[in-house]
Amino acid sequence: MNCLVTTPDPAGAGCLCHRPAEKMTVDEKIGQLRLISVGPDNPKEAIREMIKNGQVGAIFNTVTRPDIRVMQDQVMQLSRLKIPLFFAYDVLHGQRTVFPISLGPASSFNLDAVKTVGRVSAYEAADDGLNMTPAPMVDVSRDPRWGRASEGFGEDTYLTTMMGQSMVESMQGKSPADRYSVMTSVKHFAPTAR
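Mapping of the sequence shown onto the working numbering: residues 69 to 262, in sequence order.
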């Protein structure tokens, strides 16, 4: 496994990212896989308890830096292992700047335009405290009646591939250590749009 963070420990402690996993209970490992959404089903007090008990690894739909800071501080103060949370939001066509839906840039066949959308979106998302987005949507939209057809890059597999790749590369940047790099997770990849 490649490790982004190493320690100069002469005893060979190695990768810092391996240490928490060795100390985690099964429930804490399961908690790291959970992405929960802020809202009526998960009020802030309930989320605070989940954080304290190591039952959550990511938060969805929190988009303000102050709210994110409060939750990240709770992790550092309350949780046993102090593993930072991921914060995610759908950044499909911009974060603060609203760009055209994905069909627009796809219609231009201009990969540079898509890269600009991705870079600006990642910059704004990271500036808001987000570090993950379930985007871009790369399902091939062959039926215009499908409710998510507008989120994708159209009906052509090659164009969708090229546009999706450009968006991912521009949002993730050259290095995960980049302050304005946002982790992407392409979605609806399976044929849901038939």
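Yeah, the Cβ is synthetic: ideal placement off N, Cα and C, and Gly gets one too.
- By the Cβ rule, the region 150 to 160 counts as touching the region 201 to 215, because three or more pairs are nearer than 8 Å.
- Less than 8 Å separates the beta-carbon of R148 from that of G122.
- Here S105 carries a strand assignment [DSSP, helix/strand/coil].
- Within the same chain, Cβ atoms closer than 6 Å to the Cβ of G241 are found at S249, the five residues on either side in sequence being excluded.
- Looking only at M139, T225, V166 and S238, the smallest Cα-Cα distance to V182 is reached by S238.
- Annotation for S105: F128 and N129 place their beta carbon closer than 6 Å to its own, counting only its chain and skipping 5 residues before and after.
- In this structure K112 is exposed. Its beta-carbon is surrounded by fewer than 16 other beta-carbon atoms within 10 angstroms.
- Within the same chain, and ignoring the five residues on either side of V236 in sequence, the residues whose Cβ sits closer than 8 Å to its Cβ are G186, P204, T252 and V254.
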